[in-house]
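Inspection log for the structure reproduced underneath, given as structure tokens.
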Amino acid sequence: MTEKPLLQVNNLKTHFHTERGRITAVNGVTFSMQKGEIIGIVGESGCGKSVMSQSIVRLLDHSDAISYDGEVLFDNKDLLQLPYAKLRQIRGNDISIIFQDPLTSLNPVYTVGEQIAEALRLHQKLSRKAAMVKAVDMLRLTGIPSPERRVHDYPHELSGGMQQRAMIAIALACEPRLLIADEPTTALDVTIQAQILDLIAELNRKLGMGVLFITHDLGVVAEICSGVKVMYLGQIVEEMSTERLFTAPRHPYTQGLIRSIPRMDGNRGEKLHVIEGTVPSLTDVPPGCRFATRCPYADELCRTEEPPMERVQDDHGVKCWHHERIFEEGVDAHDGTGQRADS
Ligand SMILES: Nc1ncnc2c1ncn2[C@@H]1O[C@H](COP(=O)(O)OP(=O)(O)O)[C@@H](O)[C@H]1O
Ligand SMILES: [Mg+2]
């Protein structure tokens, strides 16, 4: 690919300086995204997905106990080095962020309509009147009932689910080039979730908006993401196209995540596979491969030396010493066809 990436993250590290010493919640994350791509970030709770995505736009900086290493390049600028005034211009203009908790980004002193209209006026150069009409449309698109009335509500007058949708409407109204969505639909019911995913996918198609979609739901990944990064304990351990995530996963952690998906066609009594053990504490990171403490394949090498991110294809990298063997065994053992998904 010769086109310049929309976002390039180089060896990003995020450190928290706590009373118990330095904790590195994101440890050497590298990836790039092209315009128009929808990339999923997956991994269990506590793996650093939120810290990583918030580090990209430095939303954690209000705490003075934080520091970064590496680079986050957007428009030839390193966001980690940018003065705050410049950073603020980029946030909510070129980059929008939506979270599970809507109150962190809604402004309590303006109505929902005013907040959406403001974004529209700024970015689409609409008149005040036209912007209000479009604001109602945006609210309707996110599934808010009686949007003509709701547009005049203040955030506190809305229920949690409605606040969530209003926040999404505001974030999308400015037609960002990059949307960072951190489990934005987790608290919403499936119908609304589907509507919002459709809306994101539509803006992605229409505007070429790039999306970094953080989720623990592999179903959502299958639906809208073109590629995926699997995170474990602050690092990307595998990255590939969504198709290969489901057909040719190599890292035992990725394979475990996939086996944990509830199967619609499975026996009701069938026990859901869950990955044994828990994510180790950041104050006690295992030497060698970070997953070794939970990995059925781990040997002495894994427990002492950190594996490199190895390329198995241009768009597929895996950080595991034994991925070749595991891949062959895994496919035989789990779909029974003996067919390599690769071939
Ligand atoms: N302000 C903070 N100070 C210290 N540790 C933190 C802070 N915020 C997050 N962490 C730690 O960083 C790790 C990653 O958290 P997070 O990014 O929220 O995980 P995820 O989003 O994948 O569930 C966790 O171990 C969490 O406890
Ligand atoms: Mg999170």
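Each step along the sequence shown adds one to the number in the numbering used here, with nothing skipped, and position 106 is 144.
Backbone N, C-alpha and C define an ideal beta-carbon position, used for all residues, glycine too.
query: Looking only at its chain, what residues have a beta carbon closer than 6 angstroms to the beta carbon of Gly-272, apart from the 5 residues adjacent to it on each side?; result: Ala-63, Val-64, Asn-65 and Gly-86
query: Please return the same chain residues whose Cβ sits closer than 6 angstroms to the Cβ of Gln-231, not counting the five positions on each side in sequence.; result: Thr-223
query: Could you check whether Val-89 and Val-266 sit closer than 9 angstroms to each other, using their CB atoms as the reference points?; result: no
query: For Phe-69, name the three-state secondary structure that DSSP assigns.; result: strand
query: Between Cys-333, Glu-276, Arg-282 and Gly-294, which has its C-alpha nearest Pro-346's C-alpha?; result: Glu-276
query: Taking the alpha-carbon positions, what's the Ile-128 to Ala-219 distance?; result: 16 angstroms
query: Residue range of the beta strand (DSSP E) that Pro-107 falls in?; result: Checking the sequence shown, residue 107 turns out to be Asp, not Pro. Run containing Asp-107: 104–112, per the beta strand (DSSP E) assignment.
query: Any idea what DSSP makes of Arg-328, helix, strand or coil?; result: coil
query: Do Ser-93 and Thr-52 have their CB atoms nearer than 9 angstroms?; result: yes
query: Report buried or exposed for Thr-142, applying the criterion of at least 16 other Cβ atoms within 10 angstroms of its Cβ.; result: exposed
query: If you draw a straight line from the alpha carbon of Ser-70 to that of Glu-41, how long is it in whole angstroms?; result: 11 angstroms
query: Ile-135: beta carbon under 8 angstroms from a heavy atom of ligand 2?; result: no
query: Would you list, in sequence order, the uninterrupted beta strand (DSSP E) runs of no fewer than 3 residues that lie entirely inside the stretch 145–222?; result: 216–220
query: What I want to know is whether the C-beta of Thr-292 ends up closer than 8 angstroms to one or more non-hydrogen atoms of ligand 1.; result: no
query: Within a Cβ cutoff of 6 angstroms, which residues of the same chain sit near Ala-336, ignoring the five residues on either side of it in sequence?; result: Ala-330
query: Reducing DSSP to helix, strand and coil, say where Ile-133 ends up.; result: strand
query: Report the rounded CA-to-CA distance for Gln-377 versus Glu-82, giving the unit in angstroms.; result: Any reading at Gln-377 is ruled out, since the residue's pLDDT is 40, under 50, leaving its predicted position unreliable.
query: What residue range is occupied by the uninterrupted beta strand (DSSP E) comprising Gln-351?; result: 348–351
query: Residues in the same chain with beta-carbon distance under 8 angstroms from Ile-104, minus the five sequence neighbours each way, listed in chain order, please.; result: Thr-52, His-53, Phe-54, His-55 and Leu-98
query: Taking its Cβ as the centre, do 16 or more other Cβ atoms sit within 10 Å of Val-268, making it buried, or is it exposed?; result: buried
query: Among Glu-75, Thr-68, Arg-282 and Leu-45, which has the Cα closest to the Cα of Gly-246?; result: Glu-75
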